[in-house]
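Protein chains in written order, with this note's numbering: chain A, 1 to 266; chain B, 1001 to 1242.
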């Protein structure tokens, strides 16, 4: 069980949120309504995706104050706990892409694309999405976001939503390892930037490390582990999703969650 | 990168190819609505009649935005406007449904949708008694009234003709759903698709309020530098000689 001490709570949280959204639509529950772009808690507190709101602003519309405040709350939370906590603890796509990631390992599917995509692609897409939003007057990523489509597939039974999710799954499984979450998703890119100086980080202890590479095997953002086995420090990259898989699989007590208060840049 | 952006932009634009989309009550003008809508689906969830739907890829409507198709499920005019109320982003705005000075009491008949009748496919205009839309209309005798007309073909019957009154019609689409024609002869359209506009240089001389505008016009014309040249033109010798 120790191997899943973070994975299980993550899945519980991800599925609970989905279940609350489903309940909000089908049974009129008021605990949580809406979707991952904008939701309302107990019919009173709006929480919004700051990246979605940024696109709306870029398209030339001043969103309502409740959405702006909701986005600010979320932004502050993720600046504190690490932006990509959203990716690994909240986002439902993570369940799909993690499954593809696991299947790849189980069946040893090693087909990388010949032209390896850069993990920086998401930052270009992030910038591009804002430009496209401004030029075309539409929130560019929101219209094609597989995250929203997965939500709609589950909550509203959208068949086309499942199709898009299936495409992402197959790309991750057969074409590019961690393709969506690790390379393409501009929301992940946005949260990587947001969470750069967060105070919750994974901390590595070189002295305990046996260089077994188990953490590299499970990490969807391998490059963030570059210091492992070399020096004792925090995993400082904003791209780390704080999923805790590396901590779970480490048999040598060389990785753990820790609080970071210094702003030292690596 | 630039090409990618163009493809991206075009891809999301082609999803808005539909000629028109019927949006929930209180929706901003389509262009602004598309900017503002955060696609959270809360209006769809709030609709108690499952009238509102979320567009998905292939619908020809911007993915994730709400719309309704009255021929299948029309709007039933909730007095508390749960859909408009639920919108967090401002894409649906209660103020747009309120008359000036009465922000507190939104009126659905300020919605931007209007029913129109295609007479040639309307059985009532053929002379056959129908009244389906008239009876179904939640604002019967206000939004749809019946006009009586002699049926000249038979010389002995009356035609009971449905007439839509655009100042009252809410665009709910209950009439469209009720129409017994195979393809509805009465249907709702966004108001800009269903209305014309007379230039304001036409004045109803028989209406006192409207006639007042004549004076405003003259004042405006006096300011116009081109008045002299217009008069000169009319007095031009060439024109008079002919």
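Glycine included, every Cβ here is placed at the ideal spot set by N, Cα and C. Fair warning: this is a prediction, and the values are worked out from it, not measured in the lab.
Would residue i and residue j qualify as a contact pair, given that the criterion is a beta-carbon distance under 8 Å?
i, j, result
"residue 154 (chain A)", "residue 18 (chain A)", "yes"
"residue 1051 (chain B)", "residue 1033 (chain B)", "no"
"residue 1066 (chain B)", "residue 1129 (chain B)", "no"
"residue 60 (chain A)", "residue 134 (chain A)", "yes"
"residue 1062 (chain B)", "residue 164 (chain A)", "no"
"residue 203 (chain A)", "residue 256 (chain A)", "yes"
"residue 1132 (chain B)", "residue 1188 (chain B)", "no"
"residue 198 (chain A)", "residue 249 (chain A)", "no"
"residue 221 (chain A)", "residue 240 (chain A)", "yes"
"residue 21 (chain A)", "residue 151 (chain A)", "yes"
"residue 1138 (chain B)", "residue 1168 (chain B)", "no"
"residue 1111 (chain B)", "residue 1195 (chain B)", "no"
"residue 169 (chain A)", "residue 96 (chain A)", "yes"
"residue 1071 (chain B)", "residue 1216 (chain B)", "no"
"residue 50 (chain A)", "residue 122 (chain A)", "no"
"residue 1193 (chain B)", "residue 137 (chain A)", "no"
"residue 82 (chain A)", "residue 227 (chain A)", "no"
DSSP three-state call for residue i: helix, strand or coil?
i, result
"residue 1145 (chain B)", "strand"
"residue 183 (chain A)", "helix"
"residue 148 (chain A)", "helix"
"residue 1066 (chain B)", "strand"
"residue 131 (chain A)", "helix"
"residue 248 (chain A)", "helix"
"residue 1151 (chain B)", "strand"
"residue 1112 (chain B)", "coil"
"residue 33 (chain A)", "strand"
"residue 258 (chain A)", "strand"
"residue 121 (chain A)", "helix"
"residue 1117 (chain B)", "strand"
"residue 1128 (chain B)", "coil"
"residue 1092 (chain B)", "strand"
"residue 1140 (chain B)", "strand"
"residue 7 (chain A)", "helix"
"residue 27 (chain A)", "coil"
"residue 109 (chain A)", "coil"
"residue 1236 (chain B)", "coil"
"residue 1085 (chain B)", "helix"
Rounded to the nearest angstrom, what separates residue i and residue j at their Cα positions?
i, j, result
"residue 1020 (chain B)", "residue 1207 (chain B)", "35 Å"
"residue 1229 (chain B)", "residue 1238 (chain B)", "15 Å"
"residue 1036 (chain B)", "residue 1090 (chain B)", "7 Å"
"residue 107 (chain A)", "residue 181 (chain A)", "20 Å"
"residue 1029 (chain B)", "residue 178 (chain A)", "40 Å"
"residue 301 (chain A)", "residue 1041 (chain B)", "No statement about residue 301 (chain A) is possible, as the shown extent of chain A runs from 1 to 266 and does not include it."
"residue 119 (chain A)", "residue 191 (chain A)", "14 Å"
"residue 41 (chain A)", "residue 1083 (chain B)", "17 Å"
"residue 1057 (chain B)", "residue 161 (chain A)", "8 Å"
"residue 1085 (chain B)", "residue 1143 (chain B)", "25 Å"
"residue 1157 (chain B)", "residue 1124 (chain B)", "12 Å"
"residue 68 (chain A)", "residue 1146 (chain B)", "49 Å"
"residue 225 (chain A)", "residue 74 (chain A)", "27 Å"
"residue 47 (chain A)", "residue 1012 (chain B)", "25 Å"
"residue 1053 (chain B)", "residue 149 (chain A)", "14 Å"
"residue 130 (chain A)", "residue 54 (chain A)", "8 Å"
"residue 944 (chain B)", "residue 1164 (chain B)", "The requested residue 944 (chain B) does not occur in the structure, where chain B is confined to residues 1001 to 1242."
"residue 64 (chain A)", "residue 211 (chain A)", "52 Å"
"residue 266 (chain A)", "residue 33 (chain A)", "In this predicted model, residue 266 (chain A) has a pLDDT of only 46, less than 50, meaning its place in the structure is not dependable enough to derive any value."
"residue 1166 (chain B)", "residue 1007 (chain B)", "41 Å"
Would you check whether the ligand NAP has a heavy atom nearer than 7 Å to the C-beta of residue i?
i, result
"residue 66 (chain A)", "You won't find the ligand NAP in this model; it holds no ligand whatsoever."
Listing by chain order, which chain E residues have their CB less than 8 Å from the CB of residue i?
i, result
"residue 24 (chain A)", "Here the protein chains are A and B, and chain E is not one of them."
Contact residues within the stretch 134-149 of chain A, judged by C-beta distance below 7 Å to chain B: 135, 136, 137, 138, 140, 142, 143, 144, 148
Which full runs of the beta strand (DSSP E) of 3+ residues lie inside the stretch 181-245 of chain A, going along the chain? Complete beta strand (DSSP E) runs here, min 3: 200-204.
Near-chain A residues of the stretch 1185-1206 of chain B (beta-carbon distance less than 7 Å), N- to C-terminal order: none
Any residues in the stretch 30-43 of chain A with a beta carbon nearer than 8 Å to a beta carbon of chain B? Which ones, in chain order? 33, 34, 35, 37, 38, 39, 40
What beta strand (DSSP E) runs, 3 residues minimum, are completely inside the stretch 1155-1231 of chain B? 1157-1164, 1186-1190, all fully within the stretch 1155-1231 of chain B.
Positions along the stretch 1058-1076 of chain B whose CB lies within less than 9 Å of some CB in chain A: Under the 9 Å Cβ criterion, the stretch 1058-1076 of chain B contributes 1058, 1059, 1062, 1063, 1064, 1065.
Output, in sequence order along the chain, the residues in the stretch 1084-1098 of chain B whose CB is closer than 7 Å to any CB in chain A. 1088, 1089, 1090
Between the stretch 95-128 of chain A and chain B, which residues of the former have CB atoms less than 7 Å from a CB of the latter, in chain order? 124, 128
Which ranges does the alpha helix (DSSP H) cover as unbroken runs of at least 4 residues, wholly within the stretch 36-101 of chain A, from first to last along the chain? 50-58, 65-81
Identify each residue in the stretch 81-94 of chain A for which the Cβ-Cβ distance to at least one residue of chain B is less than 7 Å, and report them in chain order. none
Could I get the ranges of all uninterrupted beta strand (DSSP E) runs contained in the stretch 1004-1080 of chain B, with 3 residues as the minimum, in chain order? 1052-1054, 1066-1068
Using a Cβ-Cβ cut-off of less than 7 Å, list which residues of the stretch 1139-1152 of chain B approach chain A; keep chain order. none
Check each residue of the stretch 1039-1051 of chain B: if its Cβ is closer than 8 Å to any Cβ of chain A, include it; give the result in chain order. 1039, 1040, 1041, 1042, 1044, 1045
At a CB distance below 8 Å, what residues from the stretch 154-170 of chain A approach chain B? Give them in sequence order. 155, 156, 158, 159, 160, 161, 163, 164
Interface residues of the stretch 188-216 of chain A facing chain B [CB-CB below 8 Å]: none
At a CB distance below 7 Å, what residues from the stretch 6-17 of chain A approach chain B? Give them in sequence order. Taking 7 Å as the Cβ-Cβ cut-off against chain B, none of the residues of the stretch 6-17 of chain A qualify.
Positions along the stretch 226-242 of chain A whose CB lies within less than 9 Å of some CB in chain B: none
Proximal residues, the stretch 1023-1039 of chain B versus chain A, C-beta separation under 7 Å: 1031, 1032, 1034, 1035, 1036, 1038, 1039
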